[in-house]
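For reference, the structure is listed below as structure tokens.
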Amino acid sequence: MGIDDDSTDIWKENWFTKYQKRPEELSDVTLAQFVAYYNVHGDGKVTKRQKPRIIRYRSYNMSQNLSDYKREMVTLHIPFRSEDEEILAEMKFIEIYTTNENLILQRRQEFESSLDILKTIEICRDLCREDGIDDDNEPEENIIAEQNPFQHLYDNPDAIVNDDIRSATLHKLGIIAKRRENLMANEDFYNLMRMANEKQKRLLLHVIYHLLSSDNVPFQIFFTGPAGCGKTFVIKLLMEIYNRYTDNDGYCNAYITCASTGKAAVAIAGTTVHTALKISLSRLLPLSNETAQQYRTLFKYVKVIIIDEISMISAQLLIKIDSRLKQITGNFQSNFGGLDIIFIGDLRQLPPVRATPIYKQPKQTIVGPILWRNLKFYELDQVMRQANQQFSSILTKIGNGERLDEIEISVIESRFYSVEEAVTKCPQGIRLFNTNHAVTKYNNQILNSYSEKIISTAKDVYSG
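Be aware that the sequence shown starts at 6, since it is given in the working numbering, and climbs by one per residue.
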């Protein structure tokens, strides 16, 4: 079936997809065997090849990327139906590899005639011991827990921080290090809490319980909801709750608010994720010793990171956020450095530009889905916004793929206008087009309609 030249509805199944859809009688066939010995025809029929293919794969170096090596070997030589659920989720491939090591190496020898199985097993186990993966038989008295060099800042919230360091922190990190001078009056706070609906209140009370209890498990959550459900209202109350119920001397706010874009950050009095955590657009560089110390001084007070509009946060950026927070806190064993972290947004909105969405596996790494899957999920479903409440509910149903009734269809169709009607009723309104060509055509049409034109000449100035 033909498609338009500018259509984006283009999809071609790769070998992973074809393999996961293989017939039931080939359930015991591995991915490597399937690619080498079988053809998949356009109608989905699978036939055996007369001459095997030579397969190619990444071939990770065992001594440099042990985890990726194990994941690759399990994916190639152990049958599966869903890579995400059976292999990647919770890093199951490590246990699968350990249990089936001999079988994997035997099957690997089918495609690598020069493979020395015994030598490979010996190298792998030596590397596992170095990484602390295979040290169950190690004497207990010789195992020393890794110390967090910054733990004293967290164990004693009233510890005295050098005033010079604190002043430097406020000066250098002033965009996120803000004095706690905005605490609400009790009456205002209680009134806002009373205004919350049942689901909003349940989340807010859970956060208060978390802060007042002795439970040290970090509160890491993604909460979402349709337009008008009160996400911004809840964010502001969460900021107030962390300031009220966090045990510190009140010098700085107990939260950092940021968002994927500058416009979204302004709405919650924050900044962008890249600015807040000094994350570059290219590869993540470690903080200098001076900057790292300033962040650690700040994080004596900061207990939660609040990130809004996460639909535009990529999977790669999520990994960078995790790595940066681990470097700052010195806690490399817990996701996001063991800090509370709250992601807010609607994943049905705009995705990240030319990047993998936050909930998918990023290229050439296995960390992203693990971070995302470990977040708790909470949804606000009651629309609180009074204006256009019916229209908002209809848009939510469309986003969820739910069928509209006749009344709702009539409401949508009442918003349809011809080009001529749009020009008459809303000449200055914003237009959305499917192609760049249509955008350019419309912009030129508007520019040509003005008799008085102003030419602004830009002058580039280089510094440095």
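Positions of the beta carbon are idealized from the N, C-alpha and C atoms, including for glycine.
Exercise. How big is the Cα-Cα spacing for valine 34 and arginine 86?
Worked result: What you label residue 34 is simply residue 29 of the sequence shown in a count that begins at 1. What you label residue 86 is simply residue 81 of the sequence shown in a count that begins at 1. Spanning the two alpha carbons is a distance of roughly 11 Å.
Exercise. Are the beta-carbon atoms of isoleucine 83 and asparagine 105 separated by less than 9 Å?
Worked result: Indexing the sequence shown from 1 puts residue 83 at position 78. Indexing the sequence shown from 1 puts residue 105 at position 100. Taking 9 Å as the Cβ cut-off, isoleucine 83 and asparagine 105 qualify as a contacting pair.
Exercise. So what does DSSP say about asparagine 66, is it helix, strand or coil?
Worked result: Start at 1 with the first residue of the sequence shown, and residue 66 comes out as number 61. Looking at asparagine 66 - three-state DSSP - the assignment turns out to be coil, as it is neither helix nor strand.
Problem set entry | Distance between threonine 22 and valine 45 (C-alpha atoms, nearest Å) | Walking along the sequence shown from the start, residue 45 turns up at place 40. Walking along the sequence shown from the start, residue 22 turns up at place 17. Whole-angstrom Cα-Cα distance: 11 Å.
Problem set entry | Three-state secondary structure assigned by DSSP to serine 319 | Position 314 of the sequence shown, counting from 1, holds the residue named residue 319. Looking at serine 319 - three-state DSSP - the assignment turns out to be strand.
For this session: Measure the alpha-carbon distance for isoleucine 261 versus leucine 289 and round it to whole angstroms.
Result: Counted from its first residue, the sequence shown places residue 261 at position 256. Counted from its first residue, the sequence shown places residue 289 at position 284. Rounded to the nearest angstrom, the two C-alpha atoms are 20 Å apart.
Problem set entry | As assigned by DSSP and simplified to three states, the class of threonine 35 | In the sequence shown, residue 35 corresponds to position 30, counting from 1. Note: threonine 35 maps to coil in three-state DSSP.
For this session: State yes or no: is the beta carbon of leucine 322 nearer than 9 Å to at least one beta carbon in chain C?
Result: The chain labelled as chain C is not found in the depicted structure, where only one protein chain is given.
Exercise. Between which two residues does the beta strand (DSSP E) containing alanine 4 stretch?
Worked result: Residue 4 is absent from the structure shown; the chain starts at 6 and stops at 469.
For this session: Can you check DSSP and say which residues form a bridge with aspartate 73?
Result: Residue 73 sits at position 68 when you count from the first residue of the sequence shown. BP columns for aspartate 73 are empty, so no partner.
Exercise. Taking cysteine 263 as the reference, which of His279, Gln394, Met189 has the closest Cα?
Worked result: Position 258 of the sequence shown, counted from the first residue, corresponds to residue 263. Answer by Cα proximity: His279.
Exercise. For phenylalanine 348, which residues of its own chain have a beta-carbon under 6 Å away from its beta-carbon, when the five flanking residues on both sides are left out?
Worked result: Your numbering for residue 348 matches position 343 in the sequence shown. Correct list, in chain order: Phe227, Ile312, Ile315.
Exercise. What is the DSSP secondary structure of isoleucine 149, counted as helix, strand or coil?
Worked result: Taking the first residue of the sequence shown as position 1, residue 149 is located at position 144. Here the model assigns isoleucine 149 a pLDDT of 39, short of 50, so the residue's position is not dependable and the matter cannot be decided.
Exercise. Exposed or buried, which one is asparagine 248 when buried takes at least 16 other CB atoms within 10 Å?
Worked result: As a first step, residue 248 must be located in the sequence shown, where it is residue number 243. By the neighbour-count rule (16 or more Cβ atoms within 10 Å), asparagine 248 is buried.
Exercise. Where does glutamate 384 sit, in a helix, a strand or coil, going by DSSP?
Worked result: Along the sequence shown, one-based indexing puts residue 384 at 379. Three-state DSSP puts glutamate 384 in a strand.
Exercise. Considering only the beta carbon of each residue, do proline 362 and alanine 320 sit closer than 9 Å?
Worked result: What you label residue 362 is simply residue 357 of the sequence shown in a count that begins at 1. What you label residue 320 is simply residue 315 of the sequence shown in a count that begins at 1. In contact: proline 362 and alanine 320 (Cβ atoms closer than 9 Å).
For this session: Pull up the distance between the alpha-carbon of leucine 81 and that of asparagine 439, whole angstroms please.
Result: In the sequence shown, residue 81 corresponds to position 76, counting from 1. In the sequence shown, residue 439 corresponds to position 434, counting from 1. Going from the Cα of leucine 81 to the Cα of asparagine 439 covers about 41 Å.
Problem set entry | In DSSP terms, what phenylalanine 348 is bridged to | By one-based count along the sequence shown, residue 348 stands at place 343. The partner list for phenylalanine 348 (beta bridge, DSSP) reads Phe227, Ile312.
For this session: Indicate whether glutamate 384 and lysine 268 have their beta-carbon atoms separated by less than 9 Å.
Result: Taking the first residue of the sequence shown as 1, we reach residue 384 at position 379. Taking the first residue of the sequence shown as 1, we reach residue 268 at position 263. The answer is no: Cβ separation not under 9 Å.
Problem set entry | Nonlocal neighbours in the same chain, by C-beta distance under 8 Å from valine 307, ignoring five residues either side | On the sequence shown, residue 307 is found 302 positions in, with the first residue counted as 1. Cys257, Asn258, Ala259, Tyr260, Ile261, Leu344.
Exercise. Looking at the structure shown, is threonine 52 part of a helix, part of a strand, or coil, going by DSSP?
Worked result: Here residue 52 refers to the residue found at position 47 of the sequence shown. It is a strand residue.
Exercise. For threonine 104, does the three-state DSSP call read helix, strand or coil?
Worked result: Within the sequence shown, numbered from 1, the residue matching residue 104 stands at position 99. If DSSP states are grouped into helix, strand and coil, threonine 104 belongs with the helices.
Problem set entry | Neighbour-count burial assignment, proline 162, 16 or more Cβ in a 10 Å radius | On the sequence shown, residue 162 is found 157 positions in, with the first residue counted as 1. Low local confidence applies: a pLDDT of 43 at proline 162 is under 50, so the model's placement there is unreliable, with the coordinate-based value given in what follows. With fewer than 16 Cβ atoms within 10 Å of its Cβ, proline 162 is classed as exposed.
For this session: Figure out for me which residue from Ala37, Gln332, Ile435, Ser293 has the closest Cα to the Cα of isoleucine 60.
Result: The residue you call residue 60 lines up with position 55 of the sequence shown. The shortest C-alpha separation from isoleucine 60 is found at Ala37.
Exercise. What is the rounded straight-line gap between the Cα of glutamate 30 and the Cα of valine 51?
Worked result: Residue numbering aside, residue 30 sits at position 25 when the sequence shown is read from its first letter. Residue numbering aside, residue 51 sits at position 46 when the sequence shown is read from its first letter. Going by the C-alpha atoms only, they are around 11 Å apart.
Exercise. Span of the beta strand (DSSP E) holding tyrosine 43?
Worked result: Locating residue 43 in the sequence shown gives position 38, where the first residue counts as 1. Run containing tyrosine 43: 43 to 45, per the beta strand (DSSP E) assignment.
Exercise. With a Cβ-Cβ cutoff of 9 Å, do isoleucine 324 and leucine 376 count as a contact?
Worked result: Locating residue 324 in the sequence shown gives position 319, where the first residue counts as 1. Locating residue 376 in the sequence shown gives position 371, where the first residue counts as 1. Taking 9 Å as the Cβ cut-off, isoleucine 324 and leucine 376 qualify as a contacting pair.
Exercise. Anyone know if the C-beta pair for valine 388 and proline 223 falls short of 9 Å?
Worked result: To locate residue 388, count along the sequence shown from 1; it is residue 383. To locate residue 223, count along the sequence shown from 1; it is residue 218. No, the Cβ-Cβ distance between valine 388 and proline 223 is not below 9 Å.
Exercise. Secondary structure at threonine 251, three-state DSSP: helix, strand or coil?
Worked result: The residue you call residue 251 lines up with position 246 of the sequence shown. Coil.
Exercise. How is threonine 440 classed by DSSP in three states: helix, strand or coil?
Worked result: Translated into positions along the sequence shown, residue 440 becomes position 435. Coil.
Exercise. Whose CA, out of Ile99, Phe238, Thr229, Gly233, lies closest to the CA of leucine 197?
Worked result: Counting from one through the sequence shown, the residue named residue 197 turns up at place 192. Residue Phe238 is the option with its Cα nearest to leucine 197.
Problem set entry | Beta-carbon proximity check, arginine 58 vs valine 79, cutoff 9 Å | Stepping through the sequence shown from its first residue, residue 58 is reached at position 53. Stepping through the sequence shown from its first residue, residue 79 is reached at position 74. It is not a contact, given that the beta carbons lie outside the stated cut-off.
Problem set entry | Residues that threonine 277 bridges to, as DSSP identifies them | Here residue 277 refers to the residue found at position 272 of the sequence shown. According to DSSP, threonine 277 bridges with Ala264.
Problem set entry | Residues near tyrosine 102 in its chain [Cβ-Cβ closer than 7 Å; skip 5 each side] | By one-based count along the sequence shown, residue 102 stands at place 97. Once the five neighbours on either side are set aside, the close Cβ partners of tyrosine 102 are Lys75, Met78, Val79, Ile109.
Problem set entry | Own chain residues within Cβ distance below 7 Å of arginine 378, not counting five before or after | Stepping through the sequence shown from its first residue, residue 378 is reached at position 373. Contacts found: Ala94.
Exercise. Could you give the distance in angstroms between the alpha-carbon of tyrosine 364 and the alpha-carbon of alanine 274?
Worked result: Your numbering for residue 364 matches position 359 in the sequence shown. Your numbering for residue 274 matches position 269 in the sequence shown. Answer to the nearest angstrom: the Cα atoms are 26 Å apart.
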